[in-house]
Amino acid sequence: MREAAAGRIAFAGWRSWWKTGAAAAGWVAAALGLGYGLQSAGAGDELLLVILVLMVIGPPLFFTLPLSGPTAAAFAAGLGWWCAGGVLAGALLPVAGLGAAALASAAMAVRQGSVRRLRERIGELQRGAEALAAANAAQQQGSEVAEAILTATRDISASLDAGELAVRVARNAYALTNGAAAAVLLWDAAREALRVAATAGGGGSSEAHQLEVNLRNAEQLQGALREGMADIPRVALRDPVLDALLRRWKAGAVLAARLQRGGRPLGLVLVARRGCEPASPKACQILSGIALQAAAALEIANLVNDLRTAGSLREEFTATMSHELRTPLNVIIGYTEMQREGMFGDLSPDHLDTLARVHEQALQLLDLIQATLDVGRLERGLMTVELREVSVPEVLAQVFGAIPPSWRKSGVELQWRIDPAVPQIRSDASKLQVVLRNLVHNALKFTDAGQVLVTATTDPDRQWVHFVVQDSGRGIAAQDLTVIFEMFRQSSERDPALGGVGLGLYIVKRLIGLLGGEIDVRSAPGRGATFRIHIPAAGPHAGAKPRGPRSAGTNRGLSSPASARA
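FYI, the working numbering numbers position 465 of the sequence shown as 456, with every residue one higher than the one before it.
Structural data, given as structure tokens:
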């Protein structure tokens, strides 16, 4: 009995195992067959692999579910019979082989695709790293080029002399491009040639400054002038001057950059290179930047030189004309004085009055010519100072004694006062007289009624002497107080009928500066003007600082050697 029951149980277990295995085999065969079909239909390797893997591992996972008892046996038996009866019937076995091959192929394709994508990613990273390195190198080179050009610009712009500037350009081009030598060739339009203006490096060649390069013999340099830059091997140069220079410098090629401003060629900057290989981009950029800055600096230097030349010619012309004008003017003044003194017979009062007017106008013209000469000497630095002991009372006496009658006006009182404490000063008497004379003339010119007062005072320590010229005239507007001491500048409210060209106060300020003094002015429209001069008693560069002068109205101890009323 037990043995029969055990046998039936074993037979039932063996049959269940056989049905379950058959079902699993059928499931796998069906999965492989489906994989073959999907591959034939063009499905992707990744999708094919995922589907096949799920279908293959599906049955083991399913059959390991915790099913027991009649449910699991019934399910396994039904599934086994279905697979054994339908799928495992002969024809499915070849398809399973193809499916297995498809599965292996899909797995290999997936692996190869992963490797390919990994390699592509690595390549992309490498290319990105190379691009980043190239960008960093370009940025570093750009920074070095900018720094080199800035260094050259600072050195070049430190000079306004064309010759010195050419030397600086050649020196910077030689040092910053690491060339064998460098040279600056300036364009000579009159000779249609390039003249060697400066060289640097190459062992020194001062005699090269006398050489000229004819462009007709150097077509490559013409190309540099047209294009802006040219890299020329020495063997391609046909000019004997350049060839000799390159041989002396032991150079195999020359890099030329154009100097040009506003479409007008100024010349070339040449850098001799030791090798024959093409110049580096860095050297080309540095030389191009130097050439650009050098062209601008040369243009400014040429303008400054032209201005200096023009100024020198103007000064020479003014001095020459002034001297030439003084000679006939002195003759006119001399003859008028002789006629007024009756040396050619008695003259009528009307005739004498006319001669007096001619004489006064001639003196005014002589003063203007003298002022022009003084300005010329001041501008050229030819005005000298003759220091000696000067008596202030004597200076004022000479100033007032030389005032022409034409300056005086009937309604204007002219006075001068001197503080007895004023010491003798070490100064130039003639220049001090010119200063005071111009200020008195200016005060009388702009005063129609009232008073013109000149005072001289000193500090308690007697280190400074203060001259004050005060008038009660029309005054000076506030906006004109800062410009009246400039050359050819006058008050904006000045009457044109009064004459003058605006040189008097300019000369006054320059002469006071030569005497080591200072000048200031206080004025307002309708309230007159007060000019204050501070002169060091010990002479120019005495070192003492001027103290403010006492007001003319408070100097009760002043003496009055002379007083004049027109």
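Idealized CB from N, CA, C, for every residue including glycine.
- Taking leucine 343 as reference, the option from Tyr165, Ser397 and Glu332 with the minimal CA-CA separation is Glu332.
- Straight-line measurement puts the Cα of histidine 525 at about 13 Å from the Cα of valine 445.
- About 4 Å separates the beta carbon of leucine 250 from that of alanine 286, a gap short enough to meet the 8 Å contact definition.
- CA-CA distance, alanine 388 to isoleucine 394, rounds to 10 Å.
- Contact between the stretch 277 to 297 and the stretch 251 to 259 is present: 3 or more CB-CB pairs across the two stretches fall below 8 Å.
- Contiguous beta strand (DSSP E) elements confined to the stretch 188 to 246 occur at 203 to 205 and 220 to 224, taking only those with 3 or more residues.
- Inside the stretch 418 to 458, DSSP marks whole beta strand (DSSP E) runs of 3 or more residues at positions 441 to 449, from first to last along the chain.
- With respect to the C-alpha of methionine 374, the residue from Gly504, Val443, Ser397 and Ile324 having the closest C-alpha is Gly504.
- Classified as buried, glutamine 276 has 16 or more neighbouring CB atoms from the shown chains inside 10 Å of its CB.
- Contact between isoleucine 360 and leucine 320 is confirmed by a C-beta separation of about 7 Å, below the 8 Å threshold.
- DSSP, read as helix, strand or coil, puts glutamine 415 in coil.
- Note that the stretch 262 to 277 touches the stretch 168 to 175; at least 3 beta-carbon pairs, one per stretch, sit closer than 8 Å.
- For lysine 422, the number of other beta carbons within 10 angstroms of its own is at least 16, and it is reported as buried.
- Of the residues assessed, arginine 118 falls on the exposed side of the cut-off, its CB having fewer than 16 other CB atoms within 10 angstroms.
- For glycine 508, there is no enclosing beta strand (DSSP E), since its DSSP letter is neither H nor E.
- The continuous alpha helix (DSSP H) containing glycine 392 extends over residues 383 to 392.
- The three-state secondary structure of arginine 465, taken from DSSP, is coil.
- Around the beta carbon of isoleucine 140, a 10 Å sphere encloses 16 or more other beta carbons of the protein chains shown; the residue is thus reported as buried.
- For threonine 168, no alpha helix (DSSP H) encloses it, and the DSSP letter there is neither H nor E.
- Looking at the DSSP output, valine 262 bridges to Ala173 and Leu246.
- Judged by beta-carbon spacing, valine 512 lies beyond the 9 Å limit of arginine 501, meaning their Cβ atoms are not closer than that value.
- Apart from sequence neighbours up to five positions away, the residues of its chain that approach threonine 521 with a beta-carbon distance below 6 Å are Gln461 and Arg513, ordered along the chain.
- In this structure, DSSP gives valine 158 a helical state, which the three-state scheme calls helix.
- Taking the CA atoms as reference points, proline 531 sits about 49 Å from glycine 192.
- Just measuring C-alpha positions, the residue of Leu427, Arg453 and Ile409 sitting nearest isoleucine 416 is Arg453.
- Here glutamate 138 carries a helix assignment [DSSP, helix/strand/coil].
- The stretch 231 to 238 and the stretch 147 to 154 do not touch, with fewer than three beta-carbon pairs separated by less than 8 Å.
- Under the three-state reduction of DSSP, aspartate 152 is assigned to coil, being neither helix nor strand.
- Of the other Cβ atoms in all chains shown, 16 or more fall within 10 Å of the Cβ of proline 527; this residue is therefore buried.
- At the C-beta level, valine 160 and valine 322 stay beyond 9 Å of one another.
- Per DSSP, the beta-bridge partners of glutamate 380 are Arg417.
- According to the DSSP assignment, proline 272 belongs to the alpha helix (DSSP H) that extends over 272 to 331.
- The C-beta of serine 463 has 16 or more other C-beta atoms within 10 Å across all chains shown, which makes the residue buried.
- The DSSP-derived three-state label of arginine 518 is coil.
- When DSSP reads this structure, glutamine 251 sits in a beta bridge with Pro256.
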